[in-house]
Structures are given as C-alpha cells and as structure tokens.
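Note sheet for the following structure.
In the working numbering, the protein residues as written are 1474 to 1838.
This is the structure we're talking about:
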C-alpha cells in the first residue's frame, strides 16, 4: 500500500508522461515516412525504448502474479490489484495514441482477462458489501486503503477495490472487456450481464451523457441530446436546408452489447456512403475503445468533410482516420485517388506491393 501511494503521487510521473508524448512520433516512424520523411536522433532510441517499456513492465508484473479467482484476501492479490490501479491511472493520463498502444499490448498478450475474472469473483461473492457502500461510490471511488488494517473492514475494502478496478477497466477498455465477456461460460456470462444491466450500465450511460453535455457540442450546425430513460443519443447536423440526424441506441448491458447506429435522417447522403459512416462508428465503438462522444464527433467530422468536398479513403472508407485523425492526403499520380498514410502503409506491408490499391500503378512520391 505504501509503495502504491508513493508511485501514484510521485511528481516525476507528470514529467514522464510529457516525455512519452513528445517521443510518440518515434514509435510510428515507418508510418510517417510515407508522408514527411525524417529520422529520430540515434541518442533517442534507448530513452524511447525505456519509456515505452514502463507500462508494459507494470502490466507484466501484475499479470505474472495473478491468482485464482477463489482467493478472497491476501497480500499478493492486493499487490496485483494495486499494480493494475497504477496501469489504469497511467492510461487515463496518456495521449490518445499511447492509450491505443497500451490497449493493443493488453489484447495481444491477453493480460486483462485474469484481472477481470478475479475482480468479478470478488464482486459476485460479496455484492452485499458493495451495496452497503452504494453502487456509485463503490464503482467510481477508490476505497480507503487504511481500512485494510481493520479486520472488521478488510474484506469489504478488498471487494470495494475489486468493484472499482472492474468498473475502471470497463471505462478504459470496453472492447477488451467485451472480448472477455464473450469467452465466459454461460453461467458466469449471465451474472456479468445482470451486473452490467442493473448496476454498471446506468452509471456508464449517465457519465457518457454528462461528458457530451460538458463538451458543449450544441452550435449553429450541430445539436446533441441524450436521455438515460430512452437510452439514446441523438445528433442532428443542419446545413442550409439540409438536416442529417443519427441516433445511437445504447443496449441495457452496454458495453457488453454493441451500440446500434441508426441514420434516421440522411437526405442527400447515398446508401453506400451512409453504410461506410455507420461502419466507421461501429468500428470505433466496438474495437477502438471509443466513447459515445467520440462516435458523434467522428460522424460530424465525416459530414463536415463531405460538405467541404473531401472524399473518403478508398481503403478504410472514412474521411477521418480512426487512429490518428488525419485526412486522406497521399495521392496516386495515375488515378488521383487519395489515401490515408497509415492505410497506404498497411496496404504496402500486407500485400507486399508498392502499387496503388485501386489502379495498381507503381507508387512513387
């Protein structure tokens, strides 16, 4: 506990995060070479590797010490949970790109499922303890770790910590939590879905709507409203006499179940273009840990670019790249189609070709 408190408050963490963000370009150097060739300083290599390894070391340490789900209370399980708390806190303070890198790392190494299984086992075994605290407090707030020394309250504090970690994972890595849920046996999956529907999802939806309202999206062209009763987020985009509108319908067991994207008003938008927009929003929500606000902003960006005459990338079928938020800028000298640099790099890498994905002409800059 003392080590956790020290690491969570260490002032160098802020400096470290700034260094990570400043060096973020180095990690995607090969991708950027297609656009603006540059080379990192040789002296940066060791620093970059060391900094990027920090969250991985924390995650691997937590994973290496994971315990069977039936463990109720031990110093080791407490250490594992506090290590994960540091990882989750680190993720919240990272740039969007670093958050994506951490999510990819967790998915590739299957590191999150053991934590989810352990924490939910605590929740399932002692839900009355959490209920006595209150669902909102139990899930949103970190418990008082000093109560661990009190024999009367130690078990309840451990359950409270488990609830907080489980909810934090759902907030930070909804796509990975959904993968874990889909692999559960039917009995456990039913328990998790009931917990999500009755306790977790209402809190998440209220939080998402609050974030949308605080973002002050209502402007001359865009208006957004949300309702916890209907479980819907409605966004309307007005341009001259044209009105485009989408509705995001949130299922009771969100985010274990996918959000439905419905284009209720899309006059002037072809069926093909709408399907591409809907696919990009579902991809963001289902696989990229995107929030409901992120989905609305992605839709708005696509609509903005259409009104400005920008065509979508022929590879990913979106105007705004889902990861780095760039426009299609790299143009084929033969067919004149434009692509995202990241999409084109991926095409070159997977196809083992250096040709235009559409006309197959040799690509040159």
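Even glycine gets a Cβ: it sits at the ideal position worked out from N, Cα and C.
_Relative to the C-alpha of residue 1553, which candidate in 1587, 1564, 1710 has its C-alpha closest?_
1587
_Endpoints, beta strand (DSSP E) assigned at residue 1700_ = Start and end: 1695 to 1700.
_Beta-carbon proximity list for residue 1810, same chain, < 6 Å, skipping 5 on both sides_ = Taking C-beta separations shorter than 6 Å and ignoring five residues to either side along the sequence, the partners of residue 1810 in its chain run 1787, 1831, following chain order.
*asked:* Suppose you measure from the CA of residue 1736 to the CA of residue 1784; what does that come to, to the nearest Å?
replied: In this structure, the CA atom of residue 1736 is about 20 Å from the CA atom of residue 1784.
*If we ignore side chains and look at the alpha-carbon of each, how far apart do residue 1748 and residue 1755 end up?*
10 Å
*Who are the near neighbours of residue 1669 in its chain, counting only those whose CB is closer than 6 Å to its CB and skipping five residues on each side?*
These residues qualify, in order along the chain: 1726, 1729.
*Any idea which residues DSSP pairs residue 1709 with across the strands?*
1696, 1718
*For my contact list, residue 1794 and residue 1813 are in at a C-beta cut-off of 8 Å; report their separation, rounded to the angstrom.*
5 Å
_Closest to residue 1706 by C-alpha separation, out of 1660, 1617, 1768, would be which residue?_
1768
*asked:* Can you tell me where the alpha helix (DSSP H) holding residue 1779 begins and where it ends?
replied: 1765 to 1780
*asked:* Does residue 1765 pass the burial test, meaning 16 or more other C-beta atoms within 10 Å, or should it be called exposed?
replied: buried
*By the 10 Å Cβ neighbour count, where 16 or more other Cβ atoms means buried, how is residue 1515 classified, buried or exposed?*
Because the pLDDT at residue 1515 is just 38, under 50, the model does not fix this residue reliably, and the point stays unresolved.
*Check whether the stretch 1659 to 1666 touches the stretch 1578 to 1587, counting contact only when three or more Cβ pairs, one atom from each stretch, lie closer than 8 Å.*
no
*Excluding five sequence neighbours on each side, which residues of the same chain lie with their C-beta closer than 6 Å to the C-beta of residue 1498?*
Because residue 1498 carries a pLDDT of 34, less than 50, the predicted location of this residue cannot be relied on, and the following value inherits that uncertainty. Answer for residue 1498: no residue qualifies.
*Run of the beta strand (DSSP E) containing residue 1734, from where it starts to where it stops*: 1733 to 1739
_Short of 6 Å in beta carbon distance, which residues of its chain neighbour residue 1648, apart from the five on each side in sequence? Order them along the chain._
Around residue 1648: 1760, 1762.
_Using the Cβ count rule (16 or more neighbours within 10 Å means buried), how would you classify residue 1829?_
buried
*Closest by C-alpha distance to residue 1576, when choosing among 1650, 1591, 1629*: 1650
_What does the alpha-carbon distance come out to for the pair residue 1775 and residue 1816?_
Rounded to the nearest angstrom, the two C-alpha atoms are 17 Å apart.
*Would you decide whether residue 1616 is buried or exposed? Buried here means 16 or more other CB atoms lie within 10 Å of its CB.*
buried
_Looking at residue 1564: is its Cβ nearer than 7 Å to the Cβ of residue 1645?_
yes
*Rounded to whole angstroms, what's the CA-CA distance from residue 1591 to residue 1716? Just pull it up for me.*
48 Å
_For residue 1629, tell me which candidate among 1753, 1781, 1599, 1580 has the shortest Cα-Cα distance._
Measuring from the Cα of residue 1629, the nearest candidate turns out to be 1599.
*Work out the CA separation of residue 1772 and residue 1573 for me, nearest whole Å.*
Between residue 1573 and residue 1772, the C-alpha separation is close to 20 Å.
_Buried or exposed, going by whether 16 or more other CB atoms sit within 10 Å of the CB of residue 1731?_
exposed
*Buried or exposed for residue 1558, please, with buried defined as at least 16 other CB atoms from any protein chain shown within 10 angstroms of its CB.*
Buried is the call here.
*Which of the three DSSP states, helix, strand or coil, is assigned to residue 1804?*
strand
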